[in-house]
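According to the numbering used here, the sequence shown holds residues 8 to 253 in order.
Glycine residues also receive a C-beta, built at the ideal position from the N, C-alpha and C atoms.
Since we're looking at a predicted model, the values are computed, not measured.
Remarks on the structure that follows.
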Amino acid sequence: FDGTEINYIVNKGKEPWLIFIHGGGSNHTVWKPFFSYFKRHSFIAVDIRGHGKSEKGKISCKNFSKDLKKIFDKEKIEKAVILGNSFGATIAIDFYRKFPGLVEKLVLITPVSTKIIRFSKLFYLLNKIILPFVKLFKSRRRLVFQDYYKFKIRFVIRSLWLDIKGTSLTMYLSSIDALFNYDLRFENIQKKTLMILGKKDYLTKKQKIKKMIKNNNNIILRIIDSNHLPLTRAPEKVIKEVKKFI
């Protein structure tokens, strides 16, 4: 819609379509373990704008959703199960709110926002201070596409290091700025939703999330033995829950 080229991989098979959305800083390769398990399904794994092999473009939650809509139109997808990880869960929810008729179900994996993570005010303040300075200086460093599956990442610090190596700092911080304060409003979700949290994910406030979703019968909560990186630390556990759900 604005000329930004979005990279994605597509597999044609049976329905329902599955749409895989990665988190801030990473790319579609975090979903690689899913590709073989769901090879008989139609699926798309996208690099959101400013990440992976996609062009940069203007970063906003609205634009992330518009990019997805263009993919739906191009591939003639009438309805799909949207799977989002971390900030990708925010994009999944925003897409559902803008285009509810295109969403069959939602899978939200370790979602993040100001209201449900620890030290959120500190993260937000640091981002607001750092981002303007980063935008002043155009980085000339060479970005290297990172294969997250290849590294079998188990720890958050290692993941952050790969994020920084593979994603422009401006794009990374702009994505956080765009998605961090999004009001997830889990209690208002009207589609069947699977939410997966990590038992050892000390970034998110699990009790706060449980309180937010307790009166919404559309949401199924599963807590697995993992940290904030279940796609690379415990993919088989996530796949097991997703297969039962879809």
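Spatial distance of residue i from residue j (CA atoms)
i      : j      : result
GLU194 : THR121 : 16 Å
VAL163 : ILE116 : Unreliable placement is indicated for VAL163, whose pLDDT of 49 sits below 50; no coordinate value is reported for it.
GLU82  : LYS207 : 38 Å
ASP9   : PHE42  : 29 Å
TYR15  : ARG229 : 28 Å
LYS251 : PHE187 : 30 Å
SER72  : ARG125 : 26 Å
LYS105 : CYS68  : 11 Å
LEU176 : SER33  : 12 Å
PHE94  : HIS235 : 12 Å
PRO237 : GLY205 : 7 Å
ASP198 : MET219 : In the sequence on display, residue 198 carries Lys and not Asp. Taking the straight line from one Cα to the other gives about 16 Å.
GLY20  : GLY31  : 28 Å
TRP38  : MET178 : 21 Å
VAL85  : GLY59  : The residue asked about is misnamed: residue 85 is Glu in this sequence, not Val. Near 26 Å, if we compare the C-alpha coordinates of GLY59 and GLU85.
ASN18  : SER233 : 28 Å
LEU25  : LEU191 : 21 Å
TYR44  : ASN222 : 33 Å
LYS77  : ALA241 : 32 Å
ILE13  : PRO107 : 22 Å
Distance between beta carbons of residue j and residue i, contact taken as under 8 Å
i      : j      : result
THR200 : ILE227 : 7 Å
ASN70  : ILE28  : Going by Cβ atoms, the distance from ASN70 to ILE28 rounds to 14 Å, so no, they are not a contact pair.
LEU90  : VAL114 : 4 Å
ASP255 : THR11  : Limits of the chain in this structure are 8 at one end and 253 at the other, which puts residue 255 out of reach.
Start-to-end residues for the alpha helix (DSSP H) that takes in residue i
i      : result
PRO242 : 242-252
LEU25  : Premise fails: LEU25 lies in the beta strand (DSSP E), 21-28, not in any alpha helix (DSSP H).
THR177 : 176-187
ASN70  : 68-82
LYS217 : 213-220
TYR44  : 39-44
Within 8 Å, strictly: CB atoms of residue i and residue j
i      : j      : result
GLU111 : PRO40  : no
ALA87  : PRO118 : no
THR174 : GLY57  : yes
ILE203 : GLU243 : no
ILE196 : ASN225 : yes
ILE246 : ILE123 : no
LEU109 : PHE152 : no
Residue interval of the beta strand (DSSP E) (run including residue i)
i      : result
ASN92  : 87-92
SER259 : The requested residue 259 is not part of the displayed model; the chain covers only 8 to 253.
GLU111 : 110-116
ILE230 : 226-231
TYR209 : Where TYR209 is concerned, there is no enclosing beta strand (DSSP E), given that its DSSP letter is neither H nor E.
GLY10  : From DSSP, GLY10 is part of no beta strand (DSSP E); its letter is neither H nor E.
LEU236 : Premise fails: LEU236 is in no beta strand (DSSP E) and is neither H nor E.
LEU204 : 200-205
(Q) Check whether the stretch 180-188 and the stretch 206-213 touch, using three or more Cβ-Cβ pairs below 8 Å as the test. (A) no
Q) Taking contact to mean at least 3 C-beta pairs separated by less than 8 Å, is the stretch 63-70 in contact with the stretch 45-54? A) no
Q: Please confirm if the stretch 34-49 is in contact with the stretch 100-108, defined as three or more CB-CB distances below 8 Å between the two stretches.
A: no
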